[in-house]
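For the sequence shown, position 246 matches number 268 in my numbering, and the numbering has no gaps at all. A short worksheet on the structure shown next.
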Amino acid sequence: MKKTYILFAMAATVVFFAACNRGAKPDKDGFYTAESGLMYKFIEKHEDARLVEMDDLLEGEMAIVFEGDTLFSNIGHPDLITRVEDDWFQGGHNEAFLMMHEGEHAVFGISADSIAKFLEPTQMPQGYKPNQNMRIYYDVHLTHILSKEDIAKREADYMAEMNKKQEAEAELIKQYLANNKITVKPTESGLYVVVKKAGTGKKAENGSTVSVYYAGRLLNGKLFDTNIESVAKAEGRQGGHFQPFAFTLGQRSVIRGWEEGIVGLKKGAKATLIIPSNLAYGASGAGNDIPPYSPLVFDVEVVSVN
Numbered sequence: 023m024k025k026t027y028i029l030f031a032m033a034a035t036v037v038f039f040a041a042c043n044r045g046a047k048p049d050k051d052g053f054y055t056a057e058s059g060l061m062y063k064f065i066e067k068h069e070d071a072r073l074v075e076m077d078d079l080l081e082g083e084m085a086i087v088f089e090g091d092t093l094f095s096n097i098g099h100p101d102l103i104t105r106v107e108d109d110w111f112q113g114g115h116n117e118a119f120l121m122m123h124e125g126e127h128a129v130f131g132i133s134a135d136s137i138a139k140f141l142e143p144t145q146m147p148q149g150y151k152p153n154q155n156m157r158i159y160y161d162v163h164l165t166h167i168l169s170k171e172d173i174a175k176r177e178a179d180y181m182a183e184m185n186k187k188q189e190a191e192a193e194l195i196k197q198y199l200a201n202n203k204i205t206v207k208p209t210e211s212g213l214y215v216v217v218k219k220a221g222t223g224k225k226a227e228n229g230s231t232v233s234v235y236y237a238g239r240l241l242n243g244k245l246f247d248t249n250i251e252s253v254a255k256a257e258g259r260q261g262g263h264f265q266p267f268a269f270t271l272g273q274r275s276v277i278r279g280w281e282e283g284i285v286g287l288k289k290g291a292k293a294t295l296i297i298p299s300n301l302a303y304g305a306s307g308a309g310n311d312i313p314p315y316s317p318l319v320f321d322v323e324v325v326s327v328n
């Protein structure tokens, strides 16, 4: 995995644009060879589109292949590929990237010996042998080119959207409380704990190992996680582990809203925790199910306290 990362990282630190022998004939596999030794073959061209420049950030799909083995691939999942920076050797990655226009698809063959000069032998792909004219191939489909200005605008737009969501969160919680006729006061941190059943067993405290059944939803009622089989079936969710979830309070193994909300509940207690995003997943969100700045609602049942 480390060698894959290093080979990929080099694609983010390169830039020497040697002239290409565009008048030369391709080899039997359709590859042309630039004066620098870089091999290139365009699968799809868009010469009227934007050309890659220094410091651009590139998005798209890329596979890195050596001797038939795929070292890296995000094919089917376009993402950031690299920033075009200074090259470490002639005929390197950025000479390849700087040939490309937005939307183009190309394959580049880069000298494995040239890359090996900057890596330990153990960091090279398995099967590499020096001085055998071996190449590492980069299959690149360039979907977007982002300049410094584009990147700055994207970041500014993202922050504006996040600020908007953060500002709207308090009103969303207020509306949820009103719609559900919830009148309990929040804790100092903003957490709401609505006890439905007090329980009669041992009280949970920091250091206690507790087991709980739970169902987690967004404020709109969308279920994102549960270990309660009847809830999962009612929502049409397949699979899952329908066993109590055990954790130790105070070890930060769960979100802060759980740490605060379950402390004080007794064995057998049932409660609803209404958790603002700063006590949950905040600006990051969690996967595709929990957007940034999402307040969460958890129905919990404390099965055991030890």
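All residues carry an ideal CB built from backbone N, CA and C; glycine is no exception.
Using the Cα positions of Gly59 and Arg176, report the straight-line distance between them to the nearest angstrom. Rounded to the nearest angstrom, the two C-alpha atoms are 37 Å apart.
Unbroken beta strand (DSSP E) run spanning Ser95, endpoints: Note, Ser95: beta strand (DSSP E), 91 to 95.
Going straight from the alpha carbon of Phe11 to that of Lys289, what length do you get? The structure shown does not extend to residue 11, since the chain is modelled only from 23 to 328, so the question has no answer here.
Cutting at 7 Å between CB atoms, please list the residues of its own chain near Glu191, excluding the five before and the five after it. Annotation for Glu191: Pro298, Ser299, Tyr315, Pro317 place their beta carbon closer than 7 Å to its own, counting only its chain and skipping 5 residues before and after.
Note down, in chain order, each residue of its chain lying with its Cβ closer than 6 Å to the Cβ of Phe119, except the 5 sequence neighbours on either side. Excluding residues up to 5 positions away in sequence, Val74, Val106 lie with their Cβ nearer than 6 Å to the Cβ of Phe119 in the same chain.
Okay, do the stretch 279 to 287 and the stretch 138 to 156 touch, 3+ Cβ pairs below 8 Å being the bar? Below 8 Å, too few C-beta pairs join the stretch 279 to 287 and the stretch 138 to 156 to call them touching: fewer than three.
Own chain residues within Cβ distance below 6 Å of Val87, not counting five before or after: Around Val87: Tyr159.
For Arg239, list the residues DSSP reports as bridge partners. Beta-bridge pairing links Arg239 to Leu245, Val319.
Spatial neighbours of Ser211 within its chain, please: C-beta separation below 7 Å, excluding the five flanking residues on both sides. Taken in chain order, the residues that qualify are Glu282, Leu301.
Supposed contact pair Pro266 and Tyr235 - C-beta distance, whole angstroms, cut 8 Å: Contact between Tyr235 and Pro266 is confirmed by a C-beta separation of about 6 Å, below the 8 Å threshold.
DSSP beta-bridge partners for Met84? In DSSP, Met84 forms a bridge with Val162.
From the DSSP output, which residues share a beta bridge with Lys63? Answer by DSSP bridge pairing, in chain order: Val129.
Counting pairs of Cβ atoms below 8 Å between the stretch 119 to 130 and the stretch 158 to 174, do you hit three or more? Contact between the stretch 119 to 130 and the stretch 158 to 174 is present, because at least three Cβ pairs lie under 8 Å.
Report the rounded CA-to-CA distance for His123 versus Glu142, giving the unit in angstroms. Between His123 and Glu142, the alpha-carbon positions lie close to 34 Å from each other.
Three-pair Cβ contact test at 8 Å for the stretch 220 to 227 versus the stretch 197 to 209: Taking 8 Å as the limit for Cβ pairs, the verdict is that the stretch 197 to 209 does not touch the stretch 220 to 227.
From Leu102, Ile195, Ser169, Ala305, residue whose alpha carbon lies closest to that of Glu183: The shortest Cα separation from Glu183 among Leu102, Ile195, Ser169, Ala305 belongs to Ala305.
Taking the alpha helix (DSSP H) that Arg278 falls in, what are its first and last residues? Where Arg278 is concerned, the enclosing alpha helix (DSSP H) starts and stops at 278 to 284.
Where DSSP assigns a beta bridge to Leu79, which residues make up the other side? Leu79 pairs with Arg105, Leu168.
Out of Leu102, Ile132, Asp101, point me to the one whose CA is closest to Asn116's CA. Ranking the options by Cα distance to Asn116, first place goes to Ile132.
Paired residues, beta bridge with His99 - DSSP: His99 pairs with nothing; no bridge assigned.
Counting along the chain, where does the beta strand (DSSP E) carrying Ile250 start and finish? Where Ile250 is concerned, there is no enclosing beta strand (DSSP E), given that its DSSP letter is neither H nor E.
Backbone CA spacing between Ser95 and Lys196 [nearest angstrom]: Roughly 45 Å between the two C-alpha positions.
Can you tell me the Cα-Cα spacing of Arg44 and Glu69, whole angstroms? Confidence in Arg44 is poor, its pLDDT being 46 and thus under 50, which makes the residue's placement too unreliable to answer from.
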